[in-house]
Amino acid sequence: MPPRQPVRIRPRRTPGDVLAGLGALVLLVALVGGVPYALLRLAGPPVPPELLDLDVLTSQVGTSTIIAILVLLVWLAWLQLTACVIVEVYAGIRRVGMPAQVPFSGGTQALANRLVSAALLLFTVSAVVVPIARPSGPPPRPPVAAAAADALSALPAPVSGEQRAPLAPVAKVKKVYVVQPPHGRHHESLWEIAEKCLGDGRRYPEVYRLNQHKEQPDGSRLHMADLIRPGWVLDMPDDARNVHVVPVDQPRDETLKDHPYKPAELDGRTQHVTPGTRDLPAGEDTRTGRHAEVSPPQDTSVLPGDGSGDRRTGEGTVTTRPGDPGRAERPAPAETGRGTAEPSRTGERADPARPGEHTTGREHAPGDPGRGSATERPVPPDWAAEPETGAPLLDYLAGASLLAAGVLAALGGRRRRQLWERAFGRRVVRPRDDAAEAEVALRIGADAPGSRMLDLGLRLLGRSLAEQRRVPPTVYAAYLSAQTLDLWIHPPQEDAPAPWVSCDGGQVWRLPAQEGRMIDERSLADAPAPYPGLVSLGSNGEGRVLVDLEAAHGLISLKGERTTSALAALAVELATNRWSDRMRVTLVGFGEELAVIAPDRIRCAGALADVLPELEATANERGHGDDVLTGRIHGRAADPIWPPHYVLSAVAPTAEEGRRLALLARKGVRTAAGYVVAGEAPHATWNWEITEDGRALVDALGFDVTAQLLPRRHYRSLVELFRTAERLDGEPLPDEPEPQPAAGAPSVEVRILGPAEVLGPPPMEEGRAALAVELVVYLATHPGGVHPVVLGGILWPRGVQSAVRDATIARVVDWLGTDRSGRPNLHTDDAGRLRLGPEVRTDWSLFRAFARRAQADPTMRAVLLEKALGLVRGPLLADRPRGRYAWLAADDLEYDVTAAVADAAHRLCEVRLARGEADRAVGAARAGLLLAADDEGLWRDLLRATHLTGDAARLRAVADGLHRRSARPGGGGMAPETEALIDELLPSWRVRSAPSA
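Here the sequence shown stands for residues 60 to 1056, numbered as in the working numbering.
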């Protein structure tokens, strides 16, 4: 990565700034005071005697009358300008953010705004004291430079030209990639190889052409792009990376012997160090002992003939393997700052702290397993004061409804990627402990319909305004409830585009919930997001209050006891919301681990000084005024205009940093940026305060709501939840024996492989049926029994009175009735646990019985698997009410059912294809997709089976359906091998799919 050019930062006001401010001040004084003085001296009072005579209405208009009217108009213009100046001065001094609009004075008020802003900078920006320079000698050499100079002086003289060894001839080389063995059901494809070696999977035809018809080590040749085998040695283009470099004339079988495994940089064990830190673990700084972030190498190809274990991989970067011969281990240098631990006496570095542990006021950001230690950062003071256990996860996560919806959507995309790599007989790794509890809380509180209405409503508003060629109004706040979505706008406008309606004299634009639910999402697929800076401030008990960070037109100061928790909540919602297209969020002093949630949006810095130079250098690239909103609504979602950049700092700025931020942020008009800093900021436009009792107060807007916070424990739980979703190895399906279903017809049948149903008992009254069915489903999927107290905590996670719980259980006992022997179908065992009777059967237990028998009896495998898949009616517990069945997040059921159904469908599809029954193979794949719709292994089975039917239109319909599903919000896209397979079976599919991508 080429070094960024240094940017010169002005340390103080230039003479041009002072002259501009003085000029604006003189002009204001002349306009406000000089104009009326001149008018009084030269033209007289505003209303001359000629205009007071009523005869002027009937008499002939003379020159004096015209002059009197002109003088009156000049006085009125001066009065309008004076009113604008007073409004702008009041707004600038009081920092109200959005000055009141003076009627019929658009251009006049804009001029007043510019003059007042320039003049106020003379008084609001603190002066910089320049120290007096003193003559002195040359500066002392730094210790490192001195040591380097001494070492150079001690080196022997250079060897003369006659003594040098002759140069060896340079042999021609080429780059190759060795196809690796499969991992479970996952086989490498040319698309995947092109993506990781060339940076773009669409370049796979280049690799295909380079290797077409060339003999491979096993004697076969490459004829189809979809058919490559492990152990093949593929020639790669010259710009390929993560490959082996071998002599150009080396035979392929010899290359396979020398390089049977992945290139060193892809084996997961390589560490990167910079020159001068060769013997330190990756990321260790030689001067401070702290872990430093090291840029990845520019090229990670393995050079031939390098047996030293150290490989040069790019300018200024060396890669080494741990444990290489000759690699000396040194003790890490001691850190000289305060609050640091003693260096190890044995030369070994201590293990990084686990999540949840911290020492000496510092905390290790939890890293991925096997990746070495993470960067140390100071724990923010408000988080350091929190207890390790913290508040229950439900308290905050379930209340952050929009944040929860965004996080679950992002998590769904990660789970999709896990399904790409899922091997046969294994399931996706599920979260545990606090991470599982966090997902339960998110499922309880998530407001996906509200998030959808906010997203589509804003996109529809932007498109409507663009079609009418109107400038979008400033939305400084929004209110989302179950009934409406309200936008508080400035300036007021009465003519809101349909289906929005204007309220309160045009100050509020309202979208009724019934209108929001009817918006066609597909018609807005490419509509841009006009207000990406809207983020939840908190709630008032009935709805969510959001504010637009860009509407502050300046710096936002966040004060109080829990600023880091508030900033963390802002960061997570900004990174995962669906009402934005592309943005950048820079977190200062916190949030290093949040990059795992949205690596394409979040970046972190240790101090404001690290980000200010770049912000100042790119300030003019973020647009100004109406250009920002107007540009956005005329853009495209895939390529947005003026993508925003938001800076959230948990580190209070110094006086100089505050001054620079004020100059950067306070433009007086909207920019595609927002700045929120903790602590006092003297030039802040808005001041937010988080009180001790968790209230959020905004002085300029008059808000007082329950703050949206993300405390330390909740923050860690979310990070761990996404770290679990990054694991692609999976875990084995449980192999414990399933209780055999009772012989004969059951008295009660519980169906969960589709919409939840309880068959057998009479219908229950509608208001109580959903809870009763959930109770029966939980007991049916936990045959070991559940204590009533535990069951109450599962069905009523927010709490319930014991009388209500017991009454509900008694009602379900009566509802289920008795079996053929007269025993209750729901009873309490000797240990006090609730259990279902033997005549209560689930379709899930029957499915497992059929699948187990099919595995043991190959002759009846197809018939038994057909019966098992015949039980599947749709997604697991489909159409469940919002907030119910949240316990699935902390249970094995959801993960086991999805994996088992997908495996059964895959196995049956293979059996049918082996018998040449393509149509029945299609049916098997579709039966599995009814429940495991995101398992791309089944989609590939369906594509292959449909291709063998010979029906091209049917194959295109399957490809288009998969494309639409993967392109939806949170879909995560397609797996590379799936795209490569479609390219092979249906080469023209991209031409028709491109417009909807």
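In this text, a Cβ means the ideal position worked out from N, Cα and C, and glycines have one as well. For clarity, every value in this text was computed on a predicted model and none was experimentally measured.
Cβ pair count under 8 Å reaching 3, the region 539-548 against the region 695-710: no
Contact the region 622-631 vs the region 690-699: 3+ CB pairs below 8 Å: no
Three-state secondary structure (DSSP) of Ser176: Translated into positions along the sequence shown, residue 176 becomes position 117. If DSSP states are grouped into helix, strand and coil, Ser176 belongs with the helices.
Cβ neighbour criterion (16 or more within 10 Å) applied to Glu785: In the sequence shown, the residue the question calls residue 785 occupies position 726. That one is exposed.
Local conformation of Leu605 per DSSP, three classes: Indexing the sequence shown from 1 puts residue 605 at position 546. Reduced to three states, the DSSP call for Leu605 is strand.
Burial state of Pro355, where buried means 16 or more other Cβ atoms lie within 10 Å: Numbered from its first residue, the sequence shown carries residue 355 at position 296. Reliability of the predicted coordinates at Pro355 is poor, the pLDDT of 39 falling under 50, and no value is obtained from them.
Residue environment, Asp308, which counts as buried when at least 16 other CB atoms sit within 10 Å: One-based indexing of the sequence shown puts residue 308 at position 249. Asp308 counts as exposed, since fewer than 16 other C-beta atoms from the protein chains shown sit within 10 angstroms of its C-beta.
Contacting residues, own chain, Cβ-Cβ under 6 Å from Val670 (five flanking each side not counted): Residue mapping note: residue 670 aligns to position 611 of the sequence shown, counting from 1. Counting only Cβ-Cβ distances below 6 Å, and skipping sequence neighbours, we find Thr645, Ala664.
CB contact flag (Arg985, Leu967, <8 Å): Translated into positions along the sequence shown, residue 985 becomes position 926. Translated into positions along the sequence shown, residue 967 becomes position 908. No. Outside cutoff.
Backbone CA spacing between Ala961 and Arg476 [nearest angstrom]: The sequence position of residue 961 within the sequence shown is 902, counting from 1. The sequence position of residue 476 within the sequence shown is 417, counting from 1. Approximately 15 Å, taken between the alpha carbons.
Beta-carbon gap between Ala142 and Val130 smaller than 8 Å: Locating residue 142 in the sequence shown gives position 83, where the first residue counts as 1. Locating residue 130 in the sequence shown gives position 71, where the first residue counts as 1. No.
Inter-stretch contact (C-beta, 8 Å, three-pair minimum) for the region 891-910 and the region 802-811: yes
Ser708 - partner residues in DSSP beta bridges: Residue mapping note: residue 708 aligns to position 649 of the sequence shown, counting from 1. The secondary-structure analysis by DSSP pairs Ser708 across a beta bridge with Val647, Val736.
Residues bridged to Cys562 [DSSP beta-bridge criterion]: On the sequence shown, residue 562 is found 503 positions in, with the first residue counted as 1. Its beta-bridge partners are Val567.
Rounded straight-line distance, which links the Cα of Ala696 to that of Leu642: Here the question's residue 642 lines up with position 583 in the sequence shown. Here the question's residue 696 lines up with position 637 in the sequence shown. One detail in the question is off: residue 642 reads as Met in this sequence, not Leu. If you take the alpha carbons of Met642 and Ala696, they lie about 12 Å apart.
For Lys255, the first and last residue of its enclosing alpha helix (DSSP H): Residue numbering aside, residue 255 sits at position 196 when the sequence shown is read from its first letter. Counting along the chain, the alpha helix (DSSP H) containing Lys255 begins and ends at 249-257.
Cβ separation of Val466 and Glu652, assumed to be a contact under 8 Å, to the nearest whole Å: Here residue 466 corresponds to residue number 407 of the sequence shown, with the count starting at 1. Here residue 652 corresponds to residue number 593 of the sequence shown, with the count starting at 1. 14 Å between Cβ atoms; not a contact.
Which residues DSSP lists as bridging Tyr96, in chain order: Locating residue 96 in the sequence shown gives position 37, counting from the first residue. The partner list for Tyr96 (beta bridge, DSSP) is empty, contrary to what the question assumes.
Nearest residue (CA-CA) to Ala611, options Ala625, Thr744, Leu626: Translated into the one-based positions of the sequence shown, residue 611 becomes position 552. When only C-alpha atoms are compared, the closest one is Thr744.
Residues near Lys273 by beta carbon distance below 7 Å, same chain, minus five either side: In the sequence shown, the residue the question calls residue 273 occupies position 214. Leaving aside the five residues that flank Lys273 on each side, the residues in its chain whose CB is nearer than 7 Å to its CB run, in chain order, Arg280, Leu281.
Buried versus exposed, by CB contacts within 10 Å (16 or more), Tyr96: Your numbering for residue 96 matches position 37 in the sequence shown. Per the 10 Å Cβ criterion, exposed.
Stretch-stretch touch, CB-based, cutoff 8 Å, three pairs: the region 843-861 with the region 887-894: yes
Rounded separation between Ala815 and Trp855 - CA only: Position 756 of the sequence shown, counted from the first residue, corresponds to residue 815. Position 796 of the sequence shown, counted from the first residue, corresponds to residue 855. Those two C-alpha atoms are separated by around 19 Å.
Whole-number beta carbon distance between Met919 and Ala927, since they are thought to touch under 8 Å: Start at 1 with the first residue of the sequence shown, and residue 927 comes out as number 868. Start at 1 with the first residue of the sequence shown, and residue 919 comes out as number 860. About 12 Å separates the two Cβ atoms, so there is no contact after all.
Leu478 (DSSP reduced to helix, strand or coil): Along the sequence shown, one-based indexing puts residue 478 at 419. In the structure shown, Leu478 sits in a helix (DSSP, three-state: H, G or I).
Cβ neighbour criterion (16 or more within 10 Å) applied to Ala1053: Your numbering for residue 1053 matches position 994 in the sequence shown. Note that Ala1053 has pLDDT 45, beneath the 50 cutoff, so the model's placement of it is unreliable and the number below is only indicative. Exposed, because fewer than 16 other Cβ atoms sit within 10 Å of the Cβ of Ala1053.
Pairwise C-alpha distance: Ala958 and Trp903: In the sequence shown, counting from the first residue as 1, residue 903 sits at position 844. In the sequence shown, counting from the first residue as 1, residue 958 sits at position 899. C-alpha separation (whole angstroms): 13 Å.
Extent of the continuous beta strand (DSSP E) run through Phe762: Here residue 762 is taken as the residue at index 703 of the sequence shown, counted from 1. Looking at the DSSP string, the run of the beta strand (DSSP E) that includes Phe762 is 762-766.
Neighbourhood of Leu78 by C-beta distance below 7 Å, restricted to the same chain and skipping five residues each side: For the purposes of this step, residue 78 is identified with residue 19 of the sequence shown, where counting begins at 1. Here the set comprises nothing.
Per-residue DSSP class, three states only, for Ile1041: Residue 1041 sits at position 982 when you count from the first residue of the sequence shown. Note: Ile1041 maps to helix in three-state DSSP.
Buried or exposed (CB count within 10 angstroms, at least 16 for buried), Arg554: Within the sequence shown, residue 554 is the residue found at index 495, counting from 1. Reading the sequence as shown, one finds Asp at residue 554 and not Arg. By the 10 Å Cβ count, Asp554 comes out exposed.
Touching by the beta-carbon criterion (3+ pairs, under 8 Å), the region 494-513 and the region 1016-1025: Cβ pair count under 8 Å is below three, so no.
Distance between Ile656 and Arg662 (C-alpha atoms, nearest Å): Sequence index remark: in the sequence shown, residue 662 carries index 603 (1-based). Sequence index remark: in the sequence shown, residue 656 carries index 597 (1-based). Roughly 11 Å between the two C-alpha positions.
Among Leu174, Val106, Gly80, the one whose alpha carbon lies nearest that of Val91: Counting from 1 along the sequence shown, the entry for residue 91 is found at position 32. It is Leu174 whose Cα lies nearest to the Cα of Val91.
Close Cβ partners of Ala186 (< 7 Å) along its chain, the five nearest in sequence each way excluded: Taking the sequence shown and counting its residues from 1, the one referred to as residue 186 is at position 127. For Ala186, the pLDDT reaches just 33, beneath the cut-off of 50, and the residue's location in the model is therefore unreliable, although a value from the coordinates is still provided. Sequence-distant Cβ neighbours of Ala186 in its own chain, meaning closer than 7 Å and more than five residues away, do not exist here.
Per-residue DSSP class, three states only, for Ile578: Along the sequence shown, read from residue 1 onward, the residue named residue 578 stands at position 519. Looking at Ile578 - three-state DSSP - the assignment turns out to be coil, as it is neither helix nor strand.
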